[in-house]
Structure formats: structure tokens, C-alpha cells
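Residue numbering for the sequence shown follows the numbering used here, starting at 655 and increasing by one per position. Glycine included, C-beta positions come from ideal geometry on N, C-alpha and C. Shown next, in C-alpha cells, is the structure this report addresses.
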Amino acid sequence: MTTGNEAAAHLDLETGDSSAGVDGGGWGSDPDFSDPFDIANTKNASHESLKRWRQAALVLNASRRFRYTLDLKKDEEQEKRRRMIRAHAQVIRAALLFKLAGQRAIVLGTTVAPPSPNGDYEIGLEQLASMNRDHNITALQQYGGVKGLAEMIKTDVETGIYGDENELSRRKSAFGSNTYPVKKGRSFLRFLWEAWQDLTLIILIIAAVASLALGIKTEGLEEGWYDGGSITFAVLLVIFVTATSDYRQSLQFQNLNEEKRNIKLEVIRGGRRDKVSIYEIVVGDVIPLKIGDQVPADGILISGHSLAIDESSMTGESKIVHKDHKSPFLMSGCKVADGAGTMMVTGVGINTEWGLLMASISEDTGEETPLQVRLNGVATFIGIVGLTVAFFVLIILLIRFFTGTSKNPDGSVQFVHGETSVSEIVDGVIHIITAAVTIVVVAVPEGLPLAVTLTLAYSMKKMMADKALVRRLSACETMGSATTICSDKTGTLTLNQMTVVEAYVGKQKMDPPEDGAQLHATISSLLDEGLAQNTSGSVFLSKEGAMEVSGSPTEKAVLQWGVKLGMKFDVVKSESIVLHVSPFNSTKKRGGVAVRGKTGSQVHIHWKGAAEIILASCSQYVDVNGSLQSIEEEKELLKDAINDMASKSLRCVAIAYRTCEIDTVPTDEEQLSQWTLPDEDLVLLAIVGIKDPCRPGVQDAVKLCQHAGVKVRMVTGDNIQTAKAIALECGILAPDADTSEPYVIEGKTFREMTEKEREQIASKISVMARSSPTDKLLLVQTLRKQGEVVAVTGDGTNDAPALHEADIGLSMGIQGTEVAKESSDIIILDDNFASVVKVVRWGRSVYANIQKFIQFQLTVNVAALTINVVAAVSSGDVPLNTVQLLWVNLIMDTLGALALATEPPTDHLMDRTPVGRREPLVTNIMWRNLIIQAVYQISVLLVLNFSGIKILNLTNAGEEHANMVKNTVIFNTFVLCQIFNEVNARKPEELNVFTGVTKNPLFTGIVGSTFILQIIIINFLGKFTSTVRLDFQLWVVCLAISIVSWPLAIAGKFIPVPKTPLAKVFIRPYQSCIAARNGSNST
655 MTTGNEAAAH LDLETGDSSA GVDGGGWGSD PDFSDPFDIA NTKNASHESL KRWRQAALVL
715 NASRRFRYTL DLKKDEEQEK RRRMIRAHAQ VIRAALLFKL AGQRAIVLGT TVAPPSPNGD
775 YEIGLEQLAS MNRDHNITAL QQYGGVKGLA EMIKTDVETG IYGDENELSR RKSAFGSNTY
835 PVKKGRSFLR FLWEAWQDLT LIILIIAAVA SLALGIKTEG LEEGWYDGGS ITFAVLLVIF
895 VTATSDYRQS LQFQNLNEEK RNIKLEVIRG GRRDKVSIYE IVVGDVIPLK IGDQVPADGI
955 LISGHSLAID ESSMTGESKI VHKDHKSPFL MSGCKVADGA GTMMVTGVGI NTEWGLLMAS
1015 ISEDTGEETP LQVRLNGVAT FIGIVGLTVA FFVLIILLIR FFTGTSKNPD GSVQFVHGET
1075 SVSEIVDGVI HIITAAVTIV VVAVPEGLPL AVTLTLAYSM KKMMADKALV RRLSACETMG
1135 SATTICSDKT GTLTLNQMTV VEAYVGKQKM DPPEDGAQLH ATISSLLDEG LAQNTSGSVF
1195 LSKEGAMEVS GSPTEKAVLQ WGVKLGMKFD VVKSESIVLH VSPFNSTKKR GGVAVRGKTG
1255 SQVHIHWKGA AEIILASCSQ YVDVNGSLQS IEEEKELLKD AINDMASKSL RCVAIAYRTC
1315 EIDTVPTDEE QLSQWTLPDE DLVLLAIVGI KDPCRPGVQD AVKLCQHAGV KVRMVTGDNI
1375 QTAKAIALEC GILAPDADTS EPYVIEGKTF REMTEKEREQ IASKISVMAR SSPTDKLLLV
1435 QTLRKQGEVV AVTGDGTNDA PALHEADIGL SMGIQGTEVA KESSDIIILD DNFASVVKVV
1495 RWGRSVYANI QKFIQFQLTV NVAALTINVV AAVSSGDVPL NTVQLLWVNL IMDTLGALAL
1555 ATEPPTDHLM DRTPVGRREP LVTNIMWRNL IIQAVYQISV LLVLNFSGIK ILNLTNAGEE
1615 HANMVKNTVI FNTFVLCQIF NEVNARKPEE LNVFTGVTKN PLFTGIVGST FILQIIIINF
1675 LGKFTSTVRL DFQLWVVCLA ISIVSWPLAI AGKFIPVPKT PLAKVFIRPY QSCIAARNGS
1735 NST
């Protein structure tokens, strides 16, 4: 049985970090202490660990604090609902199997009602939906099969619908659109209501109402409403500003969620292949499917080869279902696991099982990030200290009040036994309670964990402009800790603009490579057939009449080469029949097709794939005269040709074929679908070298990563020579680098090592060539065990395990399959490595911005609490009253977070090493800055509190007025100090805190508006804030005291800080607080 501590230790081992504890564990902290806020990676965290930190957190407003965390209850409810809908799908499947069994005994089952016309179409929406829902094969047969149904819905199974605006509109009105009702986001009123749920604000409102009633009773309406009214107004202002900030934040998340759902896919319309949004799919559309695609709507299979569908998203079963004419129904939301095919859409949107499922659940259930959880721990610790201080102040003020040592501003004693009226006593006690509660409002940093969400919302919006779509919030901040990036080559480090630049036919090099006149008719015919039939791409005329090629970049390059050689794509395809397809995948590194000519009885099996793998399977080649020759003597020559092309960073692809007698080919469709194409004794037709140039700027991006302490590794399926050449070109390998094993290694070699051997060499690997997705997964797992924080790029379906396993999975937006995108945390929209580096900068920026906000907020907390406590103990009065502290809280919590959490990233962020996942949130540099500012503010303001009347030369004024002026100067100076210190917080380590200040208009706007509002408060709102107008000289005094914050911050940065984290000092009291909190929650 595993204890909680053993489990925590196991988690640390898994995440590669042996330390533990909230702000940097491992400093002699209590080994028996299990920190609920220490969740290194929330990506796959258990519900139990997520419950633990929620229970341990000190929270004043749960609805607001936990708004952007995973709603555990809702998550469980949604899982139940999914199971219910999946159960429905399973019932359909069972019924379908039963029907099929019956139909084998009876030629046709029960008849189906004839189709009823629907406007321009011969079949109605209900009949289509019923057929899809029940997988009714009898109905499909009665409608005339796929072709008959296509005629009913006026589409062509080859060329699709025409696709003009009018037709799309008619189809949407007849059969619905491919959208489903999405639950509306929270309204602004909901955010107002949630901001109102704060316990301290509720207490303040109750106190304000009591104060209002007493004030009106004792002083009359004209004068008596100010105290209670001003507190009420201040609380309402806090609620309104908080709700506005939260509402704007939620709108950004809504926009990003819409972007995530908007999948682009290929459809055939008017014989052309177009990319359209999933929302634009209509009934009648013909859609090509390949490995990794999501089935975008309900439909029927037109044709397919080895098509296998993963229906687990609908049925909950991980079983792969093969599709053919006996089982042609395709369910929306499922994934293509293998093979290829073409489907005709017969149901969209809410008329599909997937649409019903998506409409019935709210997709966004929230998600916490590791930093958010840690900040909840910090907020809890500070909150407990604040509550203790507030309680201490409350007791002292009550004792002083009832012992007659508290005085009014005019010098009179507040409480005299037997003389002070009950209403005066109640009023006095209310003032004391509101003062203590306000300290709690300021002391408990409710907005601290929410600042993470704020900076993430801002960052995610800006990252869209930098071509990165964040799917999982935690990935954004984890990217700041990334120590290594395992990158694909094709399309990420290279441009993905492939062209054939070298070609060998047989053993003869073609010069130029696209000169078809050099080819013998036999070779030309075989090449044309192999290129046209053994491809997932297509050649067609565009709307403008130009020749266009579609498919993957490699397919496009090979097809374009074929077209230049004189291949007539449509003519060649029409001359033979495809019997069976073995689709290309990244494990086999080759793909094949069996075709039979329409006139002859001979079957040709064409193969295309990695040159050295195909070459190894060849026993003959076709020479320039079209004759077959033995390849054994020429193999070395051809291997040298491949290596020569690879050393020029060319991708080498070989094209080969073999003949097969018709009587050896299975005739039964079921046997044919299981047929393994022969791949030995092949005849080599051609080897082509495809150039894919390095992306401009990729060398600088790699160099920047290396400078920032992030090692870039290239993991590619290309051969080792091509991989080396590209790695040198990109800067992953230095010109003088060692390119022997293990620095440059093949996937197979790495895979065959023992686990211990892999661990010894993993950190040394710079390039892994000929790697399969399994090799990539093994590399990720090994690196993570060694403590690396791993980011991985991937685009294929088989990359999904590695993307899921990595700390940050980065899928490609252009070449990536839907399966890869769903397994990833961030989608790189332009497939560019430079965009990956920008994500690293943003990740570091998130962490840096939070640290800036913590430094600013802790300074305000320490200063405000100390001043009020010392003043309360010594004089029985607090210089900063309720309304003033609420204004300070607004500056500190909401406005401060907005200003500092939205700082854009700077190049300076890439000058430091990656942020350790358990590094202290409050670094020694922050402690130094914080202590200097807090000590200065406390010293100056306490001097003003006790000797202000003398210093400000107010001795001749009346005592009440002198006290009012002194307290106003303290309040004004305190606020101005925070404004100046907010600028200091921008650059905790740099001397020049003004660098780039103009690049953040939000920061300058907030600081400027805070300053203007402070002037308005002092000059015009004295009745509300219990302040008086200050003359010009006193304003100069306030500004002079406050502006010292700037030179003081510069001078402080010359003070060296110790290497041992100061957070070590606070770990014991922190652990005591959290342990006590855990104990109280468990009882």
C-alpha cells in the first residue's frame, strides 16, 4: 500500500524533480509534510490531489477563486452524460449486428417507408437522421445504395456538390447546419453576483448599513449618511471593477474556445479539393478521409481502403471498427485510425449523435495550472497571517475602546462608563469591526491566484498573433520551464515546400530531372501508374483553369514531378482499378497499392517510400531501355547516390513495383481487405531527391534557444545523412560537432538499447534519424525521468502518445492531423519552429509577470498591515480607514494585476536559464526589493503618524483638523508610494525600470488613471474618504516622499543577495499553517 508521501515522492520522480515543498522544497523541510499545493504538473493530475488543494486553501470568495479551475462536480456529471449517450451508441451497434445476422438468413428484412420529398430533395431530414442514428442498412439498400441516396440528395459521389452560396444555403435550410447549440457564457450580471459573494465584503456591507442607520439617527440625514454611504460605495466600486475585469477575461477565453473548435478540412466540391471550416460542411458533401482525420459529420462510406475508425469518443470502447460496404455508416466525432476513404455526408450538427453529445455538455469545465495551485498556497499562508493580525487589531481596539483610552479626532474620550449612549457604543464597535475586516480584505490576496488566469488570458490572445493556439492553459506557463525541445524536421525546421531536384531512373541520373523525353515508354507507363495510383494526393484544374496538386508536401512534390514528366493523372487513374491499398505510415516508412489494368489480367503492386528501405527490398531495376536487370551489382552505386543526395539535405524517395498473377490475389472482399501486399523481389523504377529548404530565421531561433538554456533536438523519419545535413544547416549541430553515436543516432538503435543504456545517452542526443513515433515516445519518457521539462512537436496520428506524454505537446496547425491536435497542448498554426521559440518567451513572461505582481502586492500587504497594527497598538486608532483601505485594495488587487500581469515579453527573458518547476516564487532578489520598499514606507509613514503634526507644522491648527491633515498626508503618501513602486515592480532585476513602458499602454493607462483618481479623491471626495484637501506644499511633500522609491530601488539593486533562497526561512511557518488547515478540514 502506498502512503501519500510515497505517492508524492513517486510524482517527483516521474516529473524529474527530487525536491518537494511549495517554495522550493528540499531545504531541510519536514519530510512528513505533504504539501497539498505542490502539484508539479496538473496535465494528468488525479481528482484526489485536485480536491486536496481546494480543501486546504483559505478562500473568501469560492465562486470567483475557483472559476477557472476544473469543476470537479461538473466534470463527473459530464462523464456520466457521455456514458449515457455512448450507451445509446452501443445499443445501436448491438441492434445493427443483430440485424446483419438476420439479413444473412433473410435476403431483405422489413421494408422501410418510401422516402418523402423535402423541398428540392427527394428524401426528408427525419428519414436521413433515422437511417444514420439506427445504422439502418436496409433503408440504405432500399434507397438504392450510396449512388441512389446521392441522387436523392442531389450530389455526385465523384465530384461532390457544386458548392455555390445558394446551394449551401438551400442544403442548410433543408438538412440543418453543422453546428450545435453552445451554452452561452456567463453574463456580466453573473460576474457581478459572483464578485458579491466575498465574505468580507458582505460583512462590510452589513456594517455599512448599520453605520448608515446609526449615523442618520444621531446626526440627521444630511450629515449622518457619509460614513455608511462611503463604505457602501467603496464596496460596490470594488465589486463592479472586479466583475468588469473578470468579464473581459472570460470573453477572451470564449473567443479562444471558438477558435479551438473551428477545424479546417478538405472537401470535394465541383471536382476540386477545397479547405473549408467544419461548420460549413453540408449534407451531400463528399469528404476524403485519411489517417488522423476527425469524421466531421455523420455519413456513408463511398469507397475506402483498409479504412479503420476509432469510435471510442462515441462508444467509450477502444476497439477499432473496420468500414466497408457491409458496415458503411460513419459517426461524427470519431477518428480515422488507419487507411483512407471517401465519405458522403448524410447528417450534420444536432442531427448527429456527436452534435447531441456536444450540445448536452459544456466543453469548458476549467483547468488549474501548477502556478495557480502554488499561488493558492501562498495566498492561504498570507491570508492566515492577515486574519491573525486582523483579530489581534480587533481585540486591541476593543480593549482600548472600553477602557477609555481611545480618543476622537477632537481629543475627547470615545467611551466613558455610564455616560456614553448605547448608539455611540454600537457605532464605535462597528467602526472597530469594519477596520479589522478591512485589514482582512487587504491582507487576504484573493486576486493573487486569479492573476495567473489574467496573465494567461492576455498571453493566449497575444500568442494567437504569434501563431500559437493554446489548448491547455497549464502548457502556456510550463513552456517557461522547458529545458529541451524535441522538434520534427519537415515543415517545422524546414519550409515544407518540396520539389524534386534530383532523379535516378534505374541507375541512370536524369539531367534535368523533369525531362520525360529521356524515359523509355515502358518506364514512363509504369512510373505514371505508380505515381497516379499510389498516392493520397490529387491533380485537378483550379477555378482559374490552372493545374493544381493536393496532398502532403512529399506527395505533392512527387506528383508535380510526374506531371512535368508528362503524366496525365485522370487518364492514368481511369485505365486501372485499385484492388487494395496499404497506406503509408511513419512506422513502415512506405506505402503500397495493388492495381489491375482494365484490359489485362496482370496485377501490378506499386511501392513508394524511404529510399534505402525500398532499395533493400529490390532484386531488379529497369534500365534506360526498359529492360529488367539484376540490381545486386548496382546496389552500392545506388546507395552512394542516396547518401550523396542525403548529404545535400535532400529527402530520398524510391519508387518500385512488382507483378502479381491475378489468381494469387484474393477474390473475396473480406480476404482482400486483410491481404498483405507482397513487398519483396521488387523492381526499382526511380529514386528522387526532394529538396525542402530550411526556414528563414530557423538558425537564429535555434541559437536563441541554446542561449536561453533550452536544448533543441531534431527527431525525424529521414535517413541519418539527410538529418545530419539539415541539423548542420539549422544550427542544431555545430560545424565542428561530433556526429557519431550517441550525438546522432538512429531510432532503431535507441529502441534496442536497455532502459539503463537509454538513460545514459538520452541527454547527449542532438539528432535522432529514421525514428518511429515509438522512438520519439521512448526519448520523451527517458528525458523526463532525468528531470528534463520536455516540449515535443508532432503532426501525425502516431505522434499522439508522445504529445500526450510530454510536459508540453506542440502539434502542427497546417500538417497536423486532428488526432495529433487533440493530444497536444498548443497548436503551432504556421508549423514554424520560430513560433515554438516565441511560445517559450511567452511561457517565461507568464512566470515573470506573476513574480512582478507578487512583489508589488506583498509590499503593499506588509506596509499596510504593519502601519495599522503599530498605530492600533500604540494610539488605539488606525490611520488608514475602511474606505481608504478598500481603495488601496482596488489598486493592489484588480488594477495592479491588470497593469503588471499584462506586460509583454522582452528579449531579456531569453538571457536566463529555464525556470525550475519548484523554484521559489519569491526569489531572493524579490525579497530584497520588497523589504527595502516596505521598510522605507513603514518608517516614513509611522514617523508621520506619530510626529506628523510637528513635522508638517500643524501645531497651530486645531487638534481635529491637524489630525485630519496628518492622516490625509499618510493616506496620500501611501497611495503615491504604491504608484511609484508599481513602476519599480516592472523590472525586478534591471536598473532602468522605464524600459519599454510605452509599449504597454494598459500599464501607463492604469498608473495614470490611478494617479488622477487619487487627486480627485483628495480634492473632491473628502466626505467619503474622511480626508481634507491638501495645499500645494503638502502635495509636494507627498510626492517627494513617494518618488524616493525610484532611486531607492536603483540603489537596492547593488546589494548582493545570498544564493540560498530566503523562502527557506518561511517554510516551517508555512508548513505549520497548511498542516493546521489540513487538520481542520479533515476533522
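- Sorting V1619, G1659 and E1644 by C-alpha distance to the C-alpha of D1685 places V1619 at the top.
- In the three-state DSSP reduction, Y1275 falls in the strand class (E or B).
- Residue pairing by DSSP places R1312 opposite I1259 in a beta bridge.
- Excluding residues up to 5 positions away in sequence, L1596 lie with their Cβ nearer than 7 Å to the Cβ of V1524 in the same chain.
- Residue burial annotation: D1372 is buried, with at least 16 other C-beta atoms found within 10 angstroms of its C-beta.
- A direct Cα-to-Cα measurement between Q1469 and D1322 gives close to 36 Å.
- Assigned with DSSP and collapsed to three states, N1522 falls in helix.
- For the 8 Å CB-CB criterion, A828 and N772 form a contact.
- Residues V1647 of the same chain have their beta carbon placed closer than 6 Å to that of K1641, with the five preceding and five following residues left out of the count.
- Within the same chain, A1136, T1137, T1138, I1139, V1494 and P1568 come within 7 Å of V1364 by CB-CB distance, once the 5 residues on both sides are set aside.
- Of the other Cβ atoms in all chains shown, fewer than 16 fall within 10 Å of the Cβ of S1281; this residue is therefore exposed.
- Unbroken alpha helix (DSSP H) stretches of 4 residues or longer found wholly inside the segment 1165 to 1208: 1175 to 1187, given in chain order.
- Nearest in C-alpha terms to S865, of all of N1621, T1536 and V1542, is T1536.
- Residue environment: D1390 is assigned as exposed (fewer than 16 neighbouring CB atoms within 10 Å of its CB, all protein chains considered).
- Residue nearest to S986 within the set D1565, S966, N1503 and H979 is S966 (criterion: CA-CA distance).
- In the three-state reduction of the DSSP assignment, V930 falls in the strand class.
- The alpha-carbon separation between A1639 and A1362 amounts to approximately 23 Å.
- A distance below 8 Å between beta-carbons, with the five flanking residues on each side excluded, links E934 to the following residues of its chain, in chain order: L822 and N832.
- In the assembly as shown, E1266 is a buried residue. Its beta-carbon has 16 or more other beta-carbons within 10 Å.
- Around the CB of V1067, fewer than 16 other CB atoms lie within 10 Å, so the residue is classed as exposed.
- Less than 8 Å divides the Cβ of S1477 from the Cβ of L1457.
- Cβ neighbours of G1003 within its own chain (closer than 6 Å, five residues either side excluded): G830, S831, N832, T833, Y834 and G1009.
- Under the three-state reduction of DSSP output, H1361 falls in the helix class.
- At least 8 Å separates the beta-carbon of V1691 from that of V1594.
- DSSP, read as helix, strand or coil, puts V1369 in strand.
- The C-alpha of C1306 is placed about 11 Å away from the C-alpha of K1293.
- Under the three-state reduction of DSSP output, D1354 falls in the helix class.
- Here the alpha carbons of V930 and D810 stand approximately 19 Å from one another.
- Secondary structure note for N1239: its beta strand (DSSP E) is the uninterrupted segment S1230 to N1239.
- For H1260 against T1313, the beta-carbon gap comes to about 11 Å, at or over 8 Å, which does not count as contact.
- In the displayed model, D900 falls within a helix according to three-state DSSP.
- Restricting attention to A1694, E1315 and K1143, the CA atom closest to the CA of V1446 is found in K1143.
- For V1091, the enclosing alpha helix (DSSP H) has its first and last residue at V1076 to A1097.
- Between R1125 and I1399, the gap from beta carbon to beta carbon reaches 8 Å or more.
- Taking 8 Å as the upper bound for CB-CB distance, S899 and L1552 are in contact here, some 6 Å apart.
- Looking only at K1713, Y1501, I1660 and R1683, the smallest Cα-Cα distance to C1130 is reached by Y1501.
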